[in-house]
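So the protein sequences, as listed, match chains A and B.
Quick note on numbering: the first sequence equals residues 0 to 435 in numbering that gives the first Met the number 0.
Quick note on numbering: the second sequence equals residues 0 to 177 in numbering that gives the first Met the number 0.
Even glycine gets a Cβ: it sits at the ideal position worked out from N, Cα and C.
Inspection log for the structure reproduced underneath, given as structure tokens.
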Amino acid sequence: MIPVADPTQRRFNPLTTLVLHFRPRRVPEKTLRFSLTWGLGGMAAVLVTLQLFTGILLKFAYGPVPTQAYESLVRLQEGFLFGQLVRNIHFWSANLLVVVVCLHGLRVFFTGGFHPPRRLNWIVGLSLFVLVLASNLTGYLLPWDQLAYWATTICVGMLEYIPLIGSRLQQVVRGGPQIGSATLRNFFALHTAVIPVLIVMLMAFHFWRVRKAGGLVIPRSPGEEPDDKPAMVPAHPDLLLREAAVALAAIAGVLVLSLLFEAPMGPPANPGLSPNPTKAPWYFAGVQELLMHFHPSFALLIAAALMFGAFYLPYLNYQEAPAGVWFASANGRRTAFAAALAAALAAPLAVVLDEYAVDFSAMIPGLPQAISLGVVPTALSVAVVAGLYLLVKRKFQATRLESVQAVFVFLAVGWVLLTVTCVFFRGQGMQLRWPF
Amino acid sequence: MKKTKTPKANKPDEAPVPVSRRHFLSILWTALGLAALVEFLWLSFSFLWPSKPGSAEGQAGSVVAAGALSSFQPGTVTAFQRGAFYLVRLEDGGVLALSCKCTHLGCTVPWVEKEKKFLCPCHASAFDRTGNVISAPAPRALDIFPVSIENNIVKVATGKRIKRSGFDPLQVVYPPKG
Chain A
0 MIPVADPTQR
10 RFNPLTTLVL
20 HFRPRRVPEK
30 TLRFSLTWGL
40 GGMAAVLVTL
50 QLFTGILLKF
60 AYGPVPTQAY
70 ESLVRLQEGF
80 LFGQLVRNIH
90 FWSANLLVVV
100 VCLHGLRVFF
110 TGGFHPPRRL
120 NWIVGLSLFV
130 LVLASNLTGY
140 LLPWDQLAYW
150 ATTICVGMLE
160 YIPLIGSRLQ
170 QVVRGGPQIG
180 SATLRNFFAL
190 HTAVIPVLIV
200 MLMAFHFWRV
210 RKAGGLVIPR
220 SPGEEPDDKP
230 AMVPAHPDLL
240 LREAAVALAA
250 IAGVLVLSLL
260 FEAPMGPPAN
270 PGLSPNPTKA
280 PWYFAGVQEL
290 LMHFHPSFAL
300 LIAAALMFGA
310 FYLPYLNYQE
320 APAGVWFASA
330 NGRRTAFAAA
340 LAAALAAPLA
350 VVLDEYAVDF
360 SAMIPGLPQA
370 ISLGVVPTAL
380 SVAVVAGLYL
390 LVKRKFQATR
400 LESVQAVFVF
410 LAVGWVLLTV
420 TCVFFRGQGM
430 QLRWPF
Chain B
0 MKKTKTPKAN
10 KPDEAPVPVS
20 RRHFLSILWT
30 ALGLAALVEF
40 LWLSFSFLWP
50 SKPGSAEGQA
60 GSVVAAGALS
70 SFQPGTVTAF
80 QRGAFYLVRL
90 EDGGVLALSC
100 KCTHLGCTVP
110 WVEKEKKFLC
120 PCHASAFDRT
130 GNVISAPAPR
140 ALDIFPVSIE
150 NNIVKVATGK
160 RIKRSGFDPL
170 QVVYPPKG
């Protein structure tokens, strides 16, 4: 409970007046359960804060032109007190942020946190996820080493295949015929001004929407009816203490990682020599793996469709809205598990088959690549997903929500496996290999 | 049969709602706001459009003198860092200047002498010595640059990149007879 202030001693207390302003006075006790949120949203906020602080420090040391960028980072690491550590923290928080935001999104999805009245906040959250990816990608180029240069080359190269506007967009992003000083300038401006401002603004909106929705979803088991009058506890100290614990644990984790593992730094960028293999940053490795199997336009189309599908998820007219129940229902758990299993089998099988056994362009000769490597495999993949949807619906008598969830699980697990394939199972010349 | 008034019959009685001043103004403001937004977007886009003088990295008129024709034996591939191209001398003596940028995502493709192929390290695309795609995912043959041979000196116009779907014998330049 907040102690009732003595009216004669009204002082500005930043804790109760400002920080608590984000929070309701009292929160449902059950939403404090750690296994509901895993503290993921809070962790993401902490990581963003770490990024802002370390980012500002780095900005004082960094020279955003190709002739200086690499050297300025070497100087930072060797000449500045804790320079290397600050860069490590920035690097590790950035990567962890992608992971944490993904997990947070999954948690929200699987506990039904995207049904009304939280539909808009799902959109806001996904937009934040996109911004986090954009921030990571634009930051990836800044060290101007071989890793940065070539990963960015292929990521910006993908833009060319966006229909209609692709090559113009690519021109604007790259600022010239190849990755060069104009690109670095653009990325630096995006990374240090545009994206952080957008992220902070959207975060405020995101938190406010949580509050508007009456807090988090209240966890319950599949058969349980929603509780209209849940037991409440004061936000201060019950919620704040838990949040502080998560925040401190997250910071400690980042520090340990940063002390043990240095942020990577390759040789300086050399536009004449692509290292072998050249890989996109790991969070885009899924797209790169798709590019190994599909015509580029179709690989991008698939990635875009997945993203659009994620944004559209709350608006599919579900019959029920089981907010707070993990995986929606008992049947939902069964179907989700089956879908995960199916994806774990199907994704590696498809990769291996396409690599060694099936060659669509040889099977249907005389057709342009866009058909044999684009339309045909895309149609096959769509058929598999549609088949899964119908199968779950018929065989498990699943509702629309459960079936959509099964498809989501299938695609999410598939995506993770594609990413793992590209990151660990591809070596020289992007050939499949064992990582150990 | 005009006992019951259907809702339809009701309609002509209702006077058409005149657009109130407030409503009209709010429409006007919205339209103006949208126009301002479009202008702003257009302005930002043209601000970022890379056509500022001095920013062009591949100058339109730039020509690289690659060297004497006799220094490129038939059947060889020579890399040029400056200009980022390969000078290919075909077995029959013809000359071809290939861009070293993979047409898939823009990696630099090295020439692998042992296999007589250009092999892209990024996504395993392969090209033959004329730049034709041997294996996907590259969607089209390597770009070429115009070649001219004057006084036995090979010159490559690196500012004029030519996209092509595949190799055509007409793209090969032969030294003048005699």
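Quick one: what's got a C-beta closer than 6 angstroms to residue i's C-beta in the same chain, skipping five residues either side?
i	result
V419/A	none
A262/A	R86, N87 and F90
S147/B	K154
A302/A	V286
C119/B	C101, C106 and V108
A342/A	F409, V412 and G413
T277/A	W149
G82/A	L75 and Q76
T157/B	S61, V63, G82 and F144
H454/A	The structure shown has nothing for residue 454/A, since chain A only spans 0 to 435.
L72/A	P142
P73/B	R88, E90 and G92
Mind reading off the beta-carbon distance from residue i to residue j? Whole number of angstroms is fine, and I expect it under 8 angstroms.
i	j	result
F52/A	F206/A	That belief does not hold up - the Cβ atoms of F52/A and F206/A are roughly 19 angstroms apart, past 8 angstroms.
L31/A	L238/A	6 angstroms
A335/A	F326/A	5 angstroms
T107/B	L272/A	6 angstroms
L49/A	V253/A	6 angstroms
E70/A	M231/A	Incorrect: roughly 57 angstroms between the Cβ atoms, too far for contact.
L387/A	A338/A	7 angstroms
Please go through the same chain and pick out, in chain order, the residues whose beta-carbon is closer than 7 angstroms to the beta-carbon of residue i, but skip the five residues on each side of it.
i	result
P434/A	F423 and F424
N330/A	F395, A397 and E401
P376/A	H292, F293 and F359
F84/B	A96, L97, S98, C99, F144, V155 and T157
A55/B	Because the pLDDT at A55/B is just 46, under 50, the model does not fix this residue reliably, and the point stays unresolved.
V372/A	The sequence as given places Leu at residue 372/A; Val does not occur at that position. Excluding positions up to five away in sequence, the list reads F293, H294, F359 and S360.
G93/B	V171, V172 and Y173
P116/A	A212
A298/A	V286, L289 and L290
L146/A	P263 and G265
Beta-carbon within less than 8 angstroms of residue i's beta-carbon, same chain only, minus the 5 sequence neighbours each way: which residues are those?
i	result
L105/A	A411
K4/B	Confidence at K4/B is low in this model, with a pLDDT of 47, below 50, so its placement is unreliable and the value that follows should be read with caution. Here the set comprises nothing.
G66/B	I152 and V153
A181/A	R173, G174 and G175
V123/A	L201, F204, H205 and R208
F79/A	A60 and V85
E112/B	V76
R432/A	F424, R425 and G426
C121/B	C101, H103, L104 and C106
Which residues share a DSSP beta bridge with residue i?
i	result
G66/B	V153/B
I148/B	V153/B
V87/B	V76/B and L95/B
W110/B	F117/B
I143/B	L97/B and I161/B
L431/A	R425/A
P27/A	M231/A
V172/B	V94/B
V132/B	F126/B
Would you call the CB atoms of residue i and residue j closer than 8 angstroms?
i	j	result
P170/B	I152/B	Residue 170/B is actually Gln in this sequence, not Pro. No, the pair does not count as a contact, with Cβ atoms beyond the cut-off.
K116/B	A125/B	yes
P63/A	M264/A	no
R139/B	S164/B	yes
G214/A	P23/A	yes
I194/A	L96/A	no
V384/A	F407/A	no
G41/A	A246/A	yes
L35/A	T110/A	yes
A346/A	L417/A	yes
A123/B	M429/A	yes
P65/A	L183/A	yes
V45/A	A244/A	no
I161/A	L168/A	yes
V107/A	P221/A	no
L280/A	N135/A	Before going on, a small fix: residue 280/A reads as Pro here, not Leu. A contact, by the Cβ cut-off of 8 angstroms.
A405/A	V391/A	yes
V26/A	A234/A	yes
V475/A	G112/A	Residue 475/A cannot be examined here, being either before or after the span of chain A that is shown, 0 to 435.
(request) Just list the alpha helix (DSSP H) runs in the region 97 to 157 of chain A, keeping only unbroken ones of 4 residues or longer that don't cross its boundaries, in chain order. (result) 118 to 140
(message) Give the list of continuous alpha helix (DSSP H) stretches no shorter than 4 residues that lie fully inside the region 199 to 275 of chain A.
(response) 239 to 259
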